[in-house]
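Before any comments, here is the structure.
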Amino acid sequence: MKHRDVYLDHNATTPLHPEVKKALTEVMDCFGNPSSMHAFGRRARGYVEEARETIATFMGALPEEIIFVGSGSEGNNTVLSTVGCQATNCDCERLHKTHIVTTTIEHPCVLETSKCMQGRGGRVTFVGVDRQGKISLDDLRDSITDETGVVSVMMANNEIGTMQDIAAMARVVHEKGTLFHTDAVQAFGKIPFNVHDLGVDFLTISAHKIYGPKGVGALYVRRGVPFCPLVHGGHQERGRRAGTENTLGIVGLGKAVAMRAEEMADEAIRVAGLKKMLREGIEASIPDVSFNGHDTDTLPGTLNVSFAGAEGESILLYLDLEGIAVSTGSACASGSLDPSHVLLATGTPVEQAHGSIRMSLGRENTVEDVEYVLEKLPGVIGRIRDMSTVYTRS
Ligand SMILES: Cc1ncc(COP(=O)(O)O)c(C=O)c1O
381 MKHRDVYLDH
391 NATTPLHPEV
401 KKALTEVMDC
411 FGNPSSMHAF
421 GRRARGYVEE
431 ARETIATFMG
441 ALPEEIIFVG
451 SGSEGNNTVL
461 STVGCQATNC
471 DCERLHKTHI
481 VTTTIEHPCV
491 LETSKCMQGR
501 GGRVTFVGVD
511 RQGKISLDDL
521 RDSITDETGV
531 VSVMMANNEI
541 GTMQDIAAMA
551 RVVHEKGTLF
561 HTDAVQAFGK
571 IPFNVHDLGV
581 DFLTISAHKI
591 YGPKGVGALY
601 VRRGVPFCPL
611 VHGGHQERGR
621 RAGTENTLGI
631 VGLGKAVAMR
641 AEEMADEAIR
651 VAGLKKMLRE
661 GIEASIPDVS
671 FNGHDTDTLP
681 GTLNVSFAGA
691 EGESILLYLD
701 LEGIAVSTGS
711 ACASGSLDPS
721 HVLLATGTPV
731 EQAHGSIRMS
741 LGRENTVEDV
751 EYVLEKLPGV
761 IGRIRDMSTV
771 YTRS
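Following this line, the structure appears as C-alpha cells:
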C-alpha cells in the first residue's frame with residue numbers, strides 16, 4: 381500500500397472539524413469585549429452565550445451552570461484546589477473540608493493538583509483500580525469520611541479507555557453527604573450522557589478532544605452547589621472565573637459541541653467497528669500481544685496494546701517513520717520513559733507496561749487507514765523483536 385499519514389492519537393488531541401474552522405473564520409473579526417455594553421461588545425456576548433446554550437443543551441444542563449475555562453486542566457484544578465478553601469467571601473462552606481478522594485488512574489492534572497493540596501495541609505486518598513481499570517463502589521464508599529470535601533473520578537480513562545459507572549458513584553458519594561466531580565474530558569462527545577441522570581455536582585470538558593480549538597474548556601457546576609473560583613478578578617462568568625472571555629475559543633467549543641450532537645452517535649458505531657478490525661487484525665498477525673483496559677466498558681476508539689519484547693517508544697518511532705501516529709501513555713507524560721502510571725495501577729507488569737502503545741481513532745479515520753496500519757505494524761514489531769536480547773516467541 382502507498383505511504384499515507386494515519387493519525388491514531390485522538391486522545392491526545394484532534395484536528396479541527398471543518399465546520400469549527402468555518403465558524404472560527406466567520407467570527408475572527410469579532411474583537412469586542414463581551415463585557416462591553418456597546419454594539420461591539422454585545423456582538424461578542426451573543427456568540428459566547430450562544431455557545432453556552434449549545435453546550436448546556438447537549439449535556440442537559442442549564443446555561444448558567446456552564447463556566448468557560450482555559451482548558452480541561454483548569455476545570456479540574458478549579459474544583460480540586462478549592463477544597464479546604466477558607467474564604468469567607470464566597471459560597472464555599474462545604475469546601476472547607478480538607479480531604480480529597482480520587483483514584484490512581486486520573487490524568488496528571490488531577491493527580492498533581494491533589495498532591496499539591498496535600499502539600500498545603502489537605503489529605504488525599506487515592507482509590508485503586510482492578511486489572512481492567514475499574515473502581516469498586518465499596519472501595520470508593522469506604523474512602524469517604526466526614527472530612528471529605530470532594531470526590532473526583534474520571535468518566536473515561538485517556539490511556540486505556542476504561543469507563544466508570546459515574547451515576548452509581550455519584551449516588552454513593554451523595555449518600556455520604558459529599559460533593560462529586562467527574563473529569564469527562566475523554567468521554568464528552570464520544571459517549572452520550574446527561575448531567576441530571578449522572579447526578580454529578582461538577583463535570584469538566586475540553587474543546588480540543590472533540591475537534592475544537594486548544595486552550596478552552598468548560599466546567600459544569602450544578603445549581604446551588606458551593607463553588608469557589610480559582611481565578612479571581614473581574615465579574616466574568618458571573619464572578620466564577622475572572623478574565624476576558626476567549627471569544628474565539630468559546631465559539632469553537634460551541635460549534636464542536638453542535639457537531640458532536642449531529643455526528644456522535646453514528647461516529648461511535650463506525651469508530652468502534654474500525655477498532656474491532658484493528659484489534660482482530662493485530663491478534664491474527666502478531667504473536668504475544670495483550671490488550672489493556674476493559675473489554676466492553678470502554679471508549680469506542682481507544683485501543684491500548686502491549687507487545688512482549690518491544691519497547692513502546694521504539695514502536696512509536698518506527699510507526700512514525702511509516703506515517704502512523706500513536707502514543708505511549710498520555711501525551712502529557714510522553715518525554716518521560718517511566719512506564720504509564722495507569723498501566724502500573726492496573727497491576728500490569730512493568731515489562732508489559734513498557735511495551736504498550738495507545739491507538740486512539742477518530743472521525744477522519746477510514747478502513748484504508750486500518751488496513752495500512754495492519755500492513756506495517758507486524759513488520760515493525762518483528763524488526764524490534766529481532767533486535768531484542770530478551771524476546772523469545774512463546
Ligand atoms: C482525562 C483528561 N483530563 C484532562 C485533560 C487535560 O485537558 P486539557 O488538555 O484541555 O488541559 C486531558 C488531556 O489529555 C485528559 O485526557
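Residue numbering for the sequence shown follows our numbering, starting at 381 and increasing by one per position.
For each residue, glycine too, the CB sits at the ideal point set by N, CA and C.
For clarity, every value in this text was computed on a predicted model and none was experimentally measured.
- With at least 16 other beta carbons inside 10 angstroms of its own, Ala431 counts as buried.
- In this structure, ligand 1 has no non-hydrogen atom nearer than 7 Å to the beta-carbon of His554.
- The continuous beta strand (DSSP E) containing Met739 extends over residues 736-740.
- Between the beta-carbon of Tyr591 and that of Arg743 there is about 7 Å, and that keeps the pair under the 8 Å contact cut.
- Taking 7 Å as the cut-off, the C-beta of Val565 counts as close to a heavy atom of ligand 1.
- Nearest neighbour of Arg603 by Cα position, chosen from Thr525, Val490, Gly579, Ile524, turns out to be Gly579.
- For the pair Thr708 and Thr525, the Cα-to-Cα distance works out to about 36 Å.
- Look at Ala564 here: in three-state DSSP terms it is coil, with no helix or strand label.
- Asp409 and Val428 have their alpha carbons spaced roughly 14 Å apart.
- In this structure, Asn684 has its beta carbon at no less than 7 Å from each heavy atom of ligand 1.
- According to the DSSP assignment, His554 belongs to no beta strand (DSSP E) but to the alpha helix (DSSP H) extending over 546-555.
- Distances taken from the Cβ of His383 to the heavy atoms of ligand 1 include none shorter than 7 Å.
- When beta bridges are read from the DSSP output, Ser670 appears opposite Ser686.
- For His674, the Cβ stays outside the 7 Å cut-off from all heavy atoms of ligand 1.
- Counting along the chain, Phe448 sits inside the beta strand (DSSP E) bounded by residues 446-449.
- In the three-state DSSP reduction, Thr493 falls in the helix class (H, G or I).
- Secondary structure note for His479: its beta strand (DSSP E) is the uninterrupted segment 479-483.
- One Cα belongs to Ala652, the other to Ala645, and the distance between them is close to 11 Å.
- Within a 10 Å sphere around the beta-carbon of His615 sit fewer than 16 other beta-carbons, which makes this residue exposed.
- Cβ contact annotation for Arg773 (same chain, cutoff 7 Å, sequence separation greater than five): Pro667, Asp668, in chain order.
- By the CB criterion at 8 Å, Arg620 and Ile447 fall inside the cutoff.
- Boundaries of the beta strand (DSSP E) around Phe506: 503-507.
- Here DSSP, grouped into helix, strand and coil, assigns Leu697 to helix.
- Rounded to the nearest angstrom, the Cβ distance from Val533 to Ile546 is 7 Å, consistent with a contact under 8 Å.
- Here the distance from the Cβ of Met534 to the nearest heavy atom of ligand 1 is below 7 Å.
- Residue pairing by DSSP places Phe582 opposite His561, Val601 in a beta bridge.
- Comparing C-alpha distances from Thr558 to each of Gly569, Glu539, Leu520 shows the shortest one belongs to Leu520.
- Distance from Gly689 to Gly661 at the Cβ level is roughly 20 Å; contact not present, criterion being Cβ atoms closer than 8 Å.
- For the pair Asn537 and Val685, the CB atoms are not nearer than the 8 Å cut-off.
- Here the stretch 751-761 makes contact with the stretch 691-701; the two share three or more CB pairs at distances below 8 Å.
- The C-beta distance from Val509 to Thr484 rounds to 6 Å, short enough to fall under 8 Å.
- Fewer than three beta-carbon pairs drawn from the stretch 403-422 and the stretch 580-589 are found closer than 8 Å, and the two stretches are therefore not classed as touching.
- As computed with DSSP, Met439 is found in no beta bridge at all.
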